[in-house]
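Here is the structure we will look at.
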Amino acid sequence: MPETVMDSLTLSHFLMTGAVLFCLGLIGFITRRNLIIMFLCTEMMFQGVAVSLVAFSRFHLNDTGQTFVIFVLTIAAAEAALALGLVVLLFRRKRTLDALVWSQLSG
Amino acid sequence: MEQYLEYALYIASVLGALSLALMLPKEKRGLRFVGPLIGAASVGGLWLFLSSDSFWDGRGTGMASWTFLYYYIFSGIAVASAVRVITHTRPVYAALWFVMVVLASAGLFLILSAQFMAFAVVIIYGGAILVTYMFVIMLASQSDPSEQNNQAYERVAKEPVMASAAGFLLLAVLLSVSFDYDALEAARAPVDPASTDAALIESTLQDRPLKIETLYVTNEAGEPVPAESVAPPANLDPTRLANAERIGLDLFQSHPLGLELAGVILLVSLVGAVVIAKTKVPDEQHAVSG
Amino acid sequence: MNLLLLLTIFPILSALPLMLPIKAFDCRKTVWSYALLSTLVTFVFSLVAAFKFDFANSGQMQFVDSVRWVESFGLTFGFGIDSISLWLVLLTTFLMPIIILGSLTAVNMRIREFYFWLIVLETFMIGTFVATDIIFFYVCFELTLVPLYILIGVFGSDNRLRAAKIFFLYTFTGSMLTFAGVMYVAYINVVNTGIWSFDIQTLYVAAATMSGTEQAWVLGALLAGFAVKVPLFPVHTWLPLAHTEAPTAGSVILAGVLLKLGTYGLLRFALPMCPEAVVEYAWLIGVFAVLGVLVTALICWVQTDVKKLIAYSSVSHLGFCVLGLFALDADDTGAVGSVMYMINHGLSTGALFLCVGMIYERFHTRDMAKMSGLGRVIPVWATFTVFFVLASVGLPGLNGFVGEVLTLIGAFLSPTQVLGYEYAAFAGIGMILAAIYLLYMVGKVIFGPVLVPEVHTDDGGHELKDLNTREIATLLPLAAGCLILGMLPNGMLVSLKAPVSQLTAPARFVANTNPLDTDTASIEPGLRLVLDAPGSAPGLTPDISSGIDLAINQSTPTETADRAAER
Amino acid sequence: MPIELIKLIPWIPLLGAALCGICCMKPAWRKAAGPISVLSIFIPFLITCGVYSAASGLQGDDKIQTIYQWMGVGNFTVNMGYYVDSLTMVMLFVITGIGSLIATYAMGYMKGERGYARFFMGVSLFIFAMTTLVMADNLVLIYLGWEGVGLCSYLLIGYYYDKPEAVAAAKKAFIVNRIGDLGFALGIFLTYKAYGSVSLHTVVDKAIEFLNDPNYTATTADLWIPFLLMLGAFGKSAQIPLYVWLPDAMAGPTPVSALVHAATMVTAGVYMIARLIPVFQLSPYALPTVAAVGGVTALFAGTIALCQYDLKKVFAYSTVSQLGYMFLGVGALSTFGGIFHLFTHAFFKALLFLTAGSVMHALAGQLDLRAMSGLRHKMPVTCWLMFAGCLALAGFPFTAGFFSKDTILAETLIVGMEGNGLFTLLALIGLLTAFLTAFYTFRLWFRVFMGPEHFEMGDDHGHGGDDSHDDHGHAHEPHEMPWWPMNAPLAVLAFGAIFGGLIFSGWMSGSIETSTANPIAIHAVDTHAQTDPGYSIIQVASDTSGHGSEADAAHGDEHHTLMGMDVHTAMMLISGFIALLGIGCAAYFHWLNRPLTDEIAKKFGVVVEVLYNKYYVDEFYDAVIVKPLRMLGHGFFLFDQFVINGLVITVGYLPRLVGWSVQPTQSGKMQGYGLGMVLGVAVAALLVFKWAF
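These protein sequence lines are chains F, S, C and W, in that order. Counting from 1, position 72 in the first sequence corresponds to residue 75 in the working numbering; the numbering is continuous, with no gaps. Counting from 1, position 112 in the second sequence corresponds to residue 121 in the working numbering; the numbering is continuous, with no gaps. Counting from 1, position 355 in the third sequence corresponds to residue 649 in the working numbering; the numbering is continuous, with no gaps. Counting from 1, position 423 in the fourth sequence corresponds to residue 798 in the working numbering; the numbering is continuous, with no gaps.
Shown next, in the form of structure tokens:
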């Protein structure tokens, strides 16, 4: 096999994947109006970050990256619990999941 | 060619943004099919550009062998699924596509020899969190299942063009940063996975020598012994520590405070979830309508 | 434990139990007694400090100590007092029990919070006066706003929220600029020595290397905060509003102590740090001070609200104080008189606010048109009020006179390029106007045919009662203070001389060595240059020939850096 | 008696004041206030008598009796200390002696008033301030006394504080005095600047040194100091333009008018100028100004007194007029004349006020001349006591007023004859005023006590409604005052008014000579002498000064003569004649032929109206000074409220404006915020990674 860059994996590959996941999650968060999907998108951003972290861990020969992913998972879990609870609460209130309905903070 | 890298990245980002903007749900679905095409074209073009010989001339290699194939497969799945997550109009499917993202990234983790993380992600995300999501989706969706896609907020994305532009602007910046040559130079990884692992472990132990006295404070009989009197156990071969063991060491040795904080956060969210669940709210929709 | 540290933190510690769920504190009398006891204990601490204070070396910082704060940044809770601080601390601790004594029936809701914030305020006020670290000073200076904001905003009268908001924003905006000025001086210090430090003595040395333009900017920044606090004439409008809306206790503290923070800041920082700029712009400050004296005095005359009248009179009186500070006469008569004035104004105006508060408690109005001839119906109150009015007017033999005459003499004798006799003459007209408006008030309220507004008493009765024992006990110490300081001010003046001349030395030096004015250029042989004092030992005694080399206006940054390096 | 006792003199009245203050607290104690106050004034009088011989023997620094240091900042030191020389003793005699008499009278006069103790507290406090004033060893302490007497004057004028006019008068007195005090204070500052000290002895010694130094040229400060100090004197001693407060001050109780506003306080200005006469001599324009103001005031107030109907107002203007004489005297460098007149005036004016008080007391507060006539049968003692006072005031030959007034006029004329037209004019004005004085004094006396008996009672029932006081029924008919405590002190005063001039003249001139009030003769002719017309006056005046001091080496060689006689002798004849003429006219117009007077008054209605309304000076001041100032106050208040505060509020609105302009970005929609955040992060990343670094 020719040894081009795309044949041998570098850190950049994984960072690229992580960045793409992160940005897609971001776009999803902005464009989607369903509260649940918005939170799903944040989870996807976490996922992108996790990929990057694990890649760093691997390429820098350091376990801390993976440890951080554990923390990320923790936060994701906590967030899911709370955010989904809130979503249910909001849904009970307005009977809709549309994020645009909630704009009391409008200046 | 190197000098064109940034432009290539920017062009690819612009194309990607265009494709995503087309793919996002909206009332008029006429040009939707163009999106994936443009997206595929941009990814493919970028790949071609990057894999040309002259560009990567002599600049070291990463993990040789065929693992790169797995990388392409998994990241391809991940990205495609991610696109589907944000473009699908039905929450249930979006959630399922997200499971795909999680699985694919677990694959990536395996390539990166982070077996523990791979399984953890699948179990926690794919298992626990996604199930919760599905549960809430079921709970909050319309009572009549036949009433599909009739919610405007499901069918129409908000400001897809602006959002895509902004998102891909950020992506372009991130990419151009991560393709920084100096960074690449520094990130060149050893070729041999085995030696990689050994080096990794060794560095782990060198940087943070095991605190024997804190790890082994009792003798075989379970009685406490003075720290000095304990020799490192013969079977503690650093090179033979598994991935999970190393993470455990790192977690408990270097980040005890973070661990405690994580515990507190989980506790707080537990309490918070209970409180939220018990909160009684007025049903404004019903109060207004009837 | 260092006495000053104890003195500073004791009030806030003793205030904490007020916020604990202790049943006993639900009773008005209990919480009041507790607050009184706490402030009295603080007063005793301060008296102990005064007794232990070595008045022979009143110019030196004493009880010096510091508590580490942010070491890498040179921040410490450094404290120490010279006699200026000592007297102001004594004023604070003396006024606090009196204020609390006077507030037993003034507040009817949230009593715990009321006393809590009062006592907390005391800590910050003392902290401001004892701080030798400029950031510590600044933090306390700003934190005094919070309790007072709450005291006005929660316990004030009808328009209290607006008053509290304007008071807070106005003074806070000014002090932000002051902070910028202080940070600039600290930055100069870092440039010179490479070490972050906020010790005042160190910063004096650093400030001496600033050019004239820099000094002018720093002076402007310092003035922005301190002049608002004083308040100097064009930036005084927050004060009458705050005073009229504040509860009596708030007014007394505001007039008695908080306004002094401004003049204290000017004396402690502006004068030693930017001597050249002070000399250059003293005329402008002087003009505003005199304008303030005259304009606000005339404004006082047309007030109908007694409290507003006294509030405006504060602005007028503090004009004298500022005038004295910037007089820079050879003997420091002006600056010493100014410090004296701070104390005196705290006593007499504070007392007047208490008197007005007692009236307000009885009538729920302060409108002069609605009351008249009160001397006939409540003679004891009237006697006290007339007494404090006379002290405020500056009757010789009472305290107001001492400060007034010294500040005016200072302004009169000030070198011509600083201030001059014109300032004293015009400010002197303020003395006449003070007599006019205060006697106008006395003539309307205390003298004249009897006219008593509707009376409100605690038990819902409508019988007008003269001052009770508690109220007399509130006013009596103040009256005694006014009399004693009026007849025997000398001990205080003597003790103030040394620290004040250290602080004004650089500016006096500049003022007296200006070639334009060779007539008055006289350098005392023993002139002490604080600037050349490396930290602890305040003052070398340069002989005149070499003194010129060390003069601030001729030293360049490199010289000072060299000197710093030698050390 | 040891001289140290003199240090106690001011403090005994202060203690008395404190005790009276305590007496205020319980109604039962109030009666004690009068005796306490009298004692607290009388004991200092005894001390004054006791230490007199010791005090007159004091030399040099022994004259300074320091108690403690009051203030001291660097070079500026002020001692609580007394300067004891013969002038001090003279003043102490006047203050404590006449003070005791008046206080004794007041015990009877004020009996039953509701503020009895308060009144005596004021009187004792006043004596404290006044003695401090005359004993002070430095200018700042004089200022303490100066303001202190002003305060007591304020409190005592405002004694009937439920009467609006009394309150207004009190306020006016204090404020007008304050205007003068500002001048005084600035004078003190300038003195300190010029002389480096505020101690009397230092200042006076230096001034004498300067005067004796032929090479000394007066500095700007020397020219200004007397004018500033003079302003204070004019305020306190009620001279043009600051005299307006004194007539109004009669709203106070009559003993106060007698003590404060006739005998003692108002003479403080004369005392101060006399005390600092060398300082005044340093400025060539100062003493002529003093003399001119004094002369003009004397005439001005005399004319006003002609047409007043209020008993006390007549005496008030008369006081202003007599004070003008005193200023004329010191202005002509005859400090002896000035102080001597001060001394005699204290006797007869106190007597006049107190007898007027008796009349008022008898008529239940009636003060209008038109409402009383022929009271000599009802109140014979008062009648003849007042007659004695009137004689002295009118300058009837060989009464006290005769001698002192004559001294002043003669000395003024001598200065005038030295070639200064101004002083000749002033001497003539003085003579005219002497005639007016005699006329209006006896106008009053004849009106009240002579002619047909007729009276209307006033509406002041029992001075505040003490029933016990009404037992002798003065509400129905006028009655004579009891001998004790009222008429007896008056008799003493009357004795002084008649014989004081004869008895005390020699003693007085000796006292003045040995004090700082003795004017300094200038030996050398300064450069000013050629150029300044004013300067020659001083020089000449000083050469001829000092009545009864012919032996003085400084005295000029040549004696001026008038009508072939010594000027003093001639002046005695002239002024005696003028006094008799004035009394005669008054007798004709106001006793024998009253209808003619009314006719004349009707003819000159406009003049009478103007005089009755005091030349409309009060109205003028009100319109020119008070009203505009108050308008200015209102204007400033509006300016403060709207312009300054408005600016602040506007500045406060700026952040709000900014907030308002970016408000639409805060739509409350999460996606909007998210988008902003993404853009922000992207731009920040671009900045950080691509452009900046």
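The beta-carbon is built from N, C-alpha and C at its ideal position, and this holds for glycine as well. Bear in mind the structure is a predicted one, so any value in this text is a computation, not a measurement.
For residue i, which of helix, strand or coil comes out of DSSP?
{"i": "V749 of chain C", "result": "coil"}
{"i": "D941 of chain W", "result": "strand"}
{"i": "I428 of chain C", "result": "helix"}
{"i": "S666 of chain C", "result": "strand"}
{"i": "P690 of chain C", "result": "strand"}
{"i": "Y534 of chain W", "result": "coil"}
{"i": "S122 of chain S", "result": "coil"}
{"i": "H264 of chain S", "result": "coil"}
{"i": "T936 of chain W", "result": "strand"}
{"i": "T590 of chain C", "result": "helix"}
{"i": "A511 of chain W", "result": "strand"}
{"i": "G755 of chain C", "result": "coil"}
{"i": "M455 of chain W", "result": "strand"}
Here's the rule: buried if 16 or more other CB atoms are within 10 angstroms of the residue's CB, otherwise exposed. What is residue i?
{"i": "E765 of chain C", "result": "buried"}
{"i": "M182 of chain S", "result": "The question names Met, yet the displayed sequence has Val at residue 182 of chain S. That one is buried."}
{"i": "H636 of chain W", "result": "buried"}
{"i": "S379 of chain C", "result": "buried"}
{"i": "S28 of chain S", "result": "buried"}
{"i": "S109 of chain F", "result": "exposed"}
{"i": "I132 of chain S", "result": "exposed"}
{"i": "K289 of chain S", "result": "exposed"}
{"i": "V736 of chain C", "result": "buried"}
Determine the closest residue to residue i out of the options, with distance taken between C-alpha atoms.
{"i": "F798 of chain W", "options": "W:G432, W:L703, W:I600", "result": "W:L703"}
{"i": "A79 of chain F", "options": "S:A129, S:L184, S:F177", "result": "S:A129"}
{"i": "Q656 of chain W", "options": "W:V867, W:F585, W:S632", "result": "W:F585"}
{"i": "E698 of chain C", "options": "C:A549, C:T531, C:N638", "result": "C:N638"}
{"i": "N513 of chain W", "options": "W:F728, W:Q440, W:G474", "result": "W:Q440"}
In chain order, what residues of the same chain lie with their CB nearer than 7 Å to the CB of residue i, ignoring the 5 residues before and after it?
{"i": "A676 of chain C", "result": "L668, G669, I740"}
{"i": "A705 of chain C", "result": "L617, G618, A621, G628, L713, Y717, A718, A721"}
{"i": "L787 of chain C", "result": "V630, M634"}
Below 8 Å CB to CB, which residues in the same chain sit around residue i once its five sequence neighbours on both sides are set aside?
{"i": "A926 of chain W", "result": "For A926 of chain W, the predicted structure reports a pLDDT of 37, less than 50, and the residue's modelled location is therefore unreliable. A value from the coordinates is still provided. Excluding residues within five positions, none has a Cβ falling inside 8 Å."}
Which residues in the same chain as residue i place their Cβ atom closer than 6 Å to its Cβ, once the five residues preceding and following it in sequence are excluded?
{"i": "S451 of chain C", "result": "E539"}
{"i": "L717 of chain W", "result": "T642, V645, M701"}
{"i": "P745 of chain W", "result": "Inspection of the sequence shows that residue 745 of chain W is occupied by Arg rather than by Pro. Y684, listed in sequence order."}
{"i": "I653 of chain C", "result": "none"}
For this session: Give, in chain order, every unbroken run of the beta strand (DSSP E) that is at least 3 residues long and sits entirely within the region 358-388 of chain C.
Result: 369-375
Exercise. Fully enclosed by the region 546-617 of chain W, which alpha helix (DSSP H) runs are 4 residues long or longer?
Worked result: 575-587, 595-611
For this session: At 4 residues or longer, and completely inside the region 445-497 of chain C: list those alpha helix (DSSP H) runs for me, N to C.
Result: 454-487
Exercise. In chain order, which continuous runs of the alpha helix (DSSP H) of length 4 or greater are located wholly inside the region 740-790 of chain W?
Worked result: 755-769
For this session: Quick one: which unbroken beta strand (DSSP E) runs of 3-plus residues sit fully inside the region 304-365 of chain C? Chain order, please.
Result: 356-364
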